[in-house]
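In terms of this note's numbering, the sequence shown opens at residue 6 and continues consecutively.
Backbone N, C-alpha and C fix where the C-beta goes; we use that ideal spot for every residue, glycine too.
No experiment lies behind these values; they were computed from the predicted model shown.
One structure is given here, and the rest of the page talks about it.
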Amino acid sequence: LNLRIQTGQKNFFENGLTISGRYLPGMESIFEAHGLPKEFTRLPFVESSFVIGATSKVGAAGIWQFMPNIGRKFMMVNERIDERRNPYKATQAAAKLLKENYMILHKKWGLALTAYNHGPGGVRLAVKKTGSTDIAKIVKTYRSKSFDFASANFFTCFLAALHAQMYRDQLWPNMQYEPPLEIGSVVLARSYSPKRFLQITKLESDDVLMYNPELDRSFKFGFAIPRGYRVFLPREAELQLTKTLAFVDGAQNYPEN
């Protein structure tokens, strides 16, 4: 029996459990709307442990740790707004990416989840080299320059994180979780400067950034929030704005398909 121990992960995971209370209910709704197992929303425990501002040394960002090129396929990623940092928009993107991986990789979830880390091309090569779509056989028998310890153990790490989160009350009986955010959203019919947006909504910038962390550069440098942009808000604010402000266009509750 070979065991690998990495110190410091317990506290990191505990912090992630506390923060995840804010986001998991909404994330589960998104995955269920896409027909995906809600358990896959625990993947951010492996990627970032729900650290909203997480950025890797190679440029991956957000709780789902999207690389810029993959992020741009599903989200707005530029020098002003980086939606990889929005937990809900990134969850929508992750659902689409996992579904895409699943269809490409023989409808095997073990392969699809491994491809989230290693890429579908790399996993296809592993399948070809081993002659198997069994993730257990691939992990046991296949190694390459890029399919190293991290890639080979990614699916196992996910299962371990899922187990720990599912049995959190037994493992951490006194854990305090942050309450779920009550999410609403509005679509802007015109662009707004951050200052004007705050004047109209009567919200504080910290409140807006709690729900839209990707707008931090807009608020720091005064970049306009563009027309057609979906902004998340506290549910009670959404209800009020829908009734009173003309700039709300096609507002609907989130998550959406």
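Quiz prompt | Which residues DSSP lists as bridging D87, in chain order | solution = V82
Quiz prompt | Residues that DSSP places opposite F237 in a beta bridge | solution = Bridge partners of F237 according to DSSP: S190.
Exercise. Would you list the one or two residues that DSSP bridges to F71?
Key: A66
Quiz item: Got a sec, what are the start and stop residues for the alpha helix (DSSP H) K200 sits in?
Solution: 199-206
Quiz item: Between the beta-carbon of L110 and the beta-carbon of A99, is there less than 8 Å?
Solution: no
Practice problem: Starting from the Cα of K78, find the closest Cα among L186, W177, K101, R195 and give me that residue. | Solution: K101
Quiz prompt | Endpoints, alpha helix (DSSP H) assigned at R232 | solution = Looking at the DSSP string, R232 is not in any alpha helix (DSSP H), and its letter there is neither H nor E.
Practice problem: Assign H168 to buried or exposed, taking buried as 16 or more other Cβ atoms, counted over all protein chains shown, within 10 Å of its Cβ. | Solution: exposed
Quiz item: Which residues in the same chain have their Cβ closer than 8 Å to the Cβ of I140, if we skip the five residues on either side of it in sequence?
Solution: By the criterion of a C-beta distance shorter than 8 Å, I140 is surrounded in its chain by K113, G115, L116, T119, F160, once the five residues flanking it on both sides are discounted.
Quiz item: Using 8 Å as the Cβ pair cut-off and three pairs as the minimum, do the region 37-56 and the region 190-202 touch?
Solution: Counting Cβ pairs under 8 Å, fewer than three are found: no touch.
Quiz item: The alpha helix (DSSP H) with T135 in it runs from where to where?
Solution: Where T135 is concerned, the enclosing alpha helix (DSSP H) starts and stops at 125-135.
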